[in-house]
Amino acid sequence: MSTAFATAAAVGADASGAEELAPAEFARIAAIMQSEARIALSPAKTTLVCSRLSRRLRTHGLTTFRDYLSLVDRDAEERAAMVVALTTNHTHFFRENHHFEHFREHVVPELRQRAEAGHPIRIWSAGCSSGEEVYTIVMCLLGPSRSGARWVFDRDVKLLATDIAPHVVAATRRGVYSEMTVEPIPEAYRREWLQAQGNEFAIDPQARQLVTARELNLFGQWPMRQQYDVIFCRNVMIYFDDPAKAELEQRFAQMLRPGGHLYIGHSERLIGPAADMLSSCGQTIYRRDAGQ
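Numbering (the working numbering), first residue to last: 30 to 321.
As structure tokens, this is what we get:
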């Protein structure tokens, strides 16, 4: 969930006829976002919030944010829809490629050794957006040739992809992308792990079956019980305040097996207890210490 918000100034009437979003109403929306998703909204985001939520007003035939907030207060489904409407999922294949270079060169050989020794391999893409990240991880695991990928298919290797937004989780499950979207994928990977479907490209079914996509609020209950070998959570935490970041990073660190790796966004950093549990081994790449 690479959640992004535009920066803007105060807002007037929406083109649809909705009235101005008053400061008190913005404050109520910001409080809901903090409560539901721990996302910190500053007043500088007022224009974006008005624009995004005006679409929800039109959906329900409303013309005031006051009436919309009354709906949100009594309708849990619309409250969840509001949270999703105020998140943007931006991602692409092989984004921040230094992470994938490190993963291929240093982590994949270790994962292969563990798999061949009979250990299950578990990888989590937390905030997966529409799936480009998790399928990049899959391609790095499999390599550019099907013959070299047998160690993955023949052993207990599974990837989890989660996001708060149902529509992007559905896109991850589908695993079909436009020609423009797949352009960053190196040719050898495209040739082996993509299948043309008209003007689109589908992830190879065998590769797609390695991935389970689920809706998950990172600040809700986590149903997973096992520890993970690798967790990717990139360009998500920049939208949280420091207490939320520290809480989430600590939970990630606790979910890593000793020796496991955490990848976070290039502008993010470790704070709180996680900084004592993880050691840096590259640019925004961390390893859980064996003694922790």
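Note that beta-carbon positions come from the ideal geometry of N, C-alpha and C, so glycine has one too.
Check, Outcome
"Taking the alpha-carbon of M306 as reference, which of Q312, H295, G294, G288 has the nearest alpha-carbon?", "G288"
"So is D104 buried or exposed if we call it buried at 16+ other beta carbons inside 10 Å?", "exposed"
"For Q224, which beta-bridge partners are listed by DSSP?", "A231"
"Quick check on the burial criterion: 16 or more other C-beta atoms within 10 angstroms. Buried or exposed for N279?", "The question names Asn, yet the displayed sequence has Gln at residue 279. So Q279 counts as buried."
"Taking 8 Å as the threshold (C-beta atoms), are I61 and R108 in contact?", "yes"
"Who are the near neighbours of E229 in its chain, counting only those whose CB is closer than 8 Å to its CB and skipping five residues on each side?", "V205, Y206, S207, E208"
"On the DSSP bridge list, what partners appear for A155?", "T191"
"Per DSSP, which residues does R316 bridge with? Please list them.", "H290, S308"
"Do three or more CB pairs link the segment 155 to 163 to the segment 255 to 264 at distances below 8 Å?", "yes"
"Which runs of the beta strand (DSSP E) fall wholly inside the segment 196 to 278 and span at least 3 residues, in chain order?", "205 to 207, 223 to 226, 229 to 232, 240 to 244, 257 to 262"
"Would you say the segment 301 to 317 touches the segment 81 to 97, given that touching needs at least three Cβ pairs under 8 Å?", "no"
"In angstroms with no decimal places, state the Cα-to-Cα distance between E54 and L98.", "8 Å"
"Report the partner residues of I300 according to the DSSP bridge assignment.", "For I300, which the question treats as bridged, DSSP gives no partner whatsoever."
"Just to confirm the assignment: which complete beta strand (DSSP E) runs, minimum length 3, are found wholly within the segment 112 to 158?", "150 to 155"
"With a cut-off of 8 Å, do at least 3 Cβ pairs link the segment 175 to 195 to the segment 141 to 154?", "yes"
"If you draw a straight line from the C-alpha of R219 to the C-alpha of V211, how long is it?", "8 Å"
"Closest to G294 by C-alpha separation, out of M284, P272, M266, A273, would be which residue?", "M266"
"Please classify A56: is it buried, with 16 or more other beta-carbons within 10 angstroms of its beta-carbon, or exposed?", "exposed"
"What residue range is occupied by the uninterrupted alpha helix (DSSP H) comprising A56?", "52 to 66"
"Quick one: what does DSSP say E49 is sitting in, helix, strand or coil?", "coil"
"Taking 8 Å as the threshold, find out whether the segment 268 to 284 comes into contact with the segment 159 to 178 through three or more Cβ pairs.", "no"
"With R325 as the anchor, note down where its alpha helix (DSSP H) starts and where it stops.", "Nothing in the structure corresponds to residue 325, since the chain is present only between 30 and 321."
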